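For the protein sequence lines, the chains are H and Z, in the order given. Under the working numbering, the first sequence is numbered contiguously, ending at residue 216. Under the working numbering, the second sequence is numbered contiguously, ending at residue 216. Backbone N, C-alpha and C fix where the C-beta goes; we use that ideal spot for every residue, glycine too. These numbers come from a predicted model, not from an experiment. Here's the structure, in C-alpha cells; my notes come after.
Number of protein chains: 2
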Amino acid sequence: MKTSKSSVTRLYSYREALLRLKYLGFVKVFSENMADAIGATAVQVRKDFSLFGLVGNKRGGYQIDELIQKLDALLGKDKKYPVIVVGSGNIGRALMNYKGFLASDLHIAAAFDTDEQKVNRSAEVPTLPFGELKDFIKKNKIKVGILAVPELVAQQVLDQMMAAGIKGVLNFAPVRLNTPEKFVVHNVNLGRELETILYFVNAWDRQEQHETHKA
Amino acid sequence: MKTSKSSVTRLYSYREALLRLKYLGFVKVFSENMADAIGATAVQVRKDFSLFGLVGNKRGGYQIDELIQKLDALLGKDKKYPVIVVGSGNIGRALMNYKGFLASDLHIAAAFDTDEQKVNRSAEVPTLPFGELKDFIKKNKIKVGILAVPELVAQQVLDQMMAAGIKGVLNFAPVRLNTPEKFVVHNVNLGRELETILYFVNAWDRQEQHETHKA
DNA sequence: TAGATTGTTAATCGATTAACAATC
DNA sequence: TAGATTGTTAATCGATTAACAATC
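Pasting the structure below:
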C-alpha cells in the first residue's frame, strides 16, 4: 500500500518540521534530523521519502528548499481549500473559530445550522440556514466537511452532504456512518478517547497496587 | 499484546451496542450481531472476547446482561471519573459543555485558565485560575486531563499537570509532547486530520481526471 | 581511500482474517 | 444426529524495523 493514512500524515509532519528548520536558517537535513523532529526513526523517514519519490544525496542529506517544494506539490499545498462545518453546537462553533487552521491550506468557508437563531451572515465565518447547504456546496465546489451534528441526525445530514458533492468528512458524532466506497470518513470520538486513556491509566494503577501488596 | 489501544476501544463499542440491544429487549446476541453493530467481523468479536476472557455458549451466543456486567468490571464502569480541562479557548470551552460525556463514566470537574477574566466559580463546570491547578488535581485525585492550551505553552503546562499527579492527557495542541514511560497521551490534531482527508479526496479527483483523459 | 549517509531488499512484529476443531 | 456457533490455532497482511549494498 503506497499511501497509507499514516504515511500521508507523516508527510505533513515532515513538511511542518522542514518549515521550522528553514526558518531557523538551515539549508539541508539528514534523515536523522527529520526523525528527531517528528518522533520517528531515520529508517522510517527514508522509507517514507522513497515511497513518495523524494530523493536526497548520498552522504549529503536533503536540500530543505527542494524537499519543501516537492512536498508542496505532493500534498497540494498550492491552493486554499474551503471546508464547511455542519452543526454549530459546542464543537461546531469551536471549529469555526479555531486558529489552528490558519497556518494550513484549509479555511472554514461557512457553518450551517437548522436553528434560525444561529444564522449570522455577516460574521467572519458566516452561519447559514441548513436549507442553503446543498446550493452552497455545489456553488463553491466544497469537497470536505466537518460533521458536528447530534448523533441521531448524523446519517441523514451526511446523506444530504454527499448528494451535494461532499467527498470526505471529519465526523464528531459518535456513530458509524454509512458511506460509499470512494468516500473518506475520519471519526473523532472524544468520549471514547478519554475512556481509553482512563482505561490504561487505571490498569497501571491496579497493577501498581497489586505489586505493592506483593512487596 | 493483550490489550492494544484498538481492542480496548472496541470493548467500549461492544458495551455501547449491548446497552442498545438490551434496551430494545434482546436477551442474547451472537458474535455476528455484535460485529454488525460495531462494523467489525464476527471473528474479530470472538477474538476480542477470548482475549479478555469473555465467554459465551457454544451454539447459544452470549447473554447480554452477563456480558455487560463483565465489561463493566473490565472497563471500570462502576464509578465516575473526574477529568479536567486545561485552557478555555475555543476547544476547551466546547469540551466543558460537551454533552457526549454525560452517557459515559467521566465528567468534567473543572476547567483552568490563566486569564482571570474567564474565571467563573459558580458555573456548572467552574473555570478556575491556573494557579489553583496543582492543588485541585491533588485534592481531587484527578488522573486524566484535556490539554487545550496554545502550542507554545503545551509542554510546560503538561509538566505542571504531571508534577501534580496527572497520568494521561488528551492533547489538542499540535506538538509532540515529552512524557515519561508510564504516561498516556492521545493526540487529536484537527488540522492534520482535515489535511489528510483532503489529500485522499484530491488524490481520487486527480485520478478520475486522469482516467477521463485517457478515455 | 575511509567514512557517512542514502535507499532498497529482507526480516520482524502486531493485528486481522481464515481455517477448523470442539461442543451444545 | 445434524447444524450452528464458539473459541483457538495457523495463515495472511500491512507496517515498521533491521541489514546491507550503493555511492558521494
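Sub-8 Å separation of residue i and residue j beta-carbons
i       : j       : result
R11(H)  : A41(H)  : yes
L199(Z) : Y15(H)  : no
K140(Z) : G166(Z) : no
M35(H)  : V46(H)  : yes
A226(H) : A124(Z) : Nothing about residue 226(H) can be reported from this structure: the residues present for chain H run from 2 to 216 only.
K100(Z) : T197(H) : no
Own chain partners of residue i with C-beta closer than 6 Å, once the 5 adjacent residues on each side are dropped
i       : result
M2(Z)   : Unreliable placement is indicated for M2(Z), whose pLDDT of 46 sits below 50; the coordinate value is still reported in the next sentence. There are no such residues.
F173(H) : I92, A149, V189
K78(H)  : D106
I143(Z) : P83, I85
V145(H) : V84, G169
G57(Z)  : Y63
Q157(H) : none
Proximity to residue i [Cα-Cα], best of the options
i       : options                          : result
Y63(Z)  : G88(Z), N188(Z), V30(Z)          : V30(Z)
A104(Z) : G192(H), D49(H), T213(H)         : G192(H)
V28(Z)  : S8(Z), Y13(Z), L55(Z), I69(Z)    : I69(Z)
D66(H)  : L159(H), F53(H), E17(H)          : E17(H)
G132(Z) : R94(Z), I143(Z), Q161(Z)         : Q161(Z)
L20(H)  : L72(H), K48(H), S7(H), G54(H)    : L72(H)
L217(Z) : A124(Z), M97(Z), G26(Z), F113(Z) : Since the first residue of chain Z shown is 2 and the last is 216, residue 217(Z) is not available in this structure.
D206(H) : A204(Z), F184(Z), R207(Z)        : F184(Z)
I109(Z) : M97(Z), Q208(Z), D116(Z)         : M97(Z)
T4(H)   : F50(H), E209(H), Q210(H)         : F50(H)
N203(H) : A74(Z), P181(Z), Q157(Z)         : A74(Z)
E182(Z) : P181(H), F201(H), T180(H)        : F201(H)
Beta-carbon contacts of residue i that lie in its chain and below 7 Å, excluding the five residues immediately before and after
i       : result
K119(H) : S89, T128
S32(Z)  : A43, V46, R47
T115(H) : F131
L159(Z) : L148, V170, L178
Y13(H)  : L76
Rounded Cβ spacing between residue i and residue j (contact assumed at less than 8 Å)
i       : j       : result
V170(Z) : V186(Z) : 6 Å
L178(Z) : V84(H)  : Contact flag wrong, Cβ pair sits at about 27 Å.
S8(H)   : L76(H)  : Rounded, the Cβ-Cβ distance is 12 Å, inconsistent with contact.
Sequence-distant residues of the same chain with beta carbon closer than 8 Å to residue i, five excluded per side
i       : result
K59(H)  : none
P151(H) : G88, G90, A174
A111(H) : I85, V86, V126, P127, T128, L129, F137
L155(H) : Looking at the sequence provided, one finds Ala at residue 155(H) rather than Leu. Closer than 8 Å at Cβ, skipping near neighbours: L148, N172, A174, V176, L178.
K23(Z)  : I65, D66, I69
G61(H)  : K29
T180(Z) : L159, M163, V186
Any non-hydrogen atom of the ligand COA closer than 7 Å to residue i Cβ
i      : result
A95(H) : What this structure holds is no ligand at all, so the ligand COA is not there to describe.
Ordered list of beta strand (DSSP E) runs contained in the stretch 92-154 of chain H, each at least 3 residues: 107-114, 128-130, 145-148
If we require 3 or more residues per run, which beta strand (DSSP E) segments fall completely within the stretch 33-103 of chain H? 82-87
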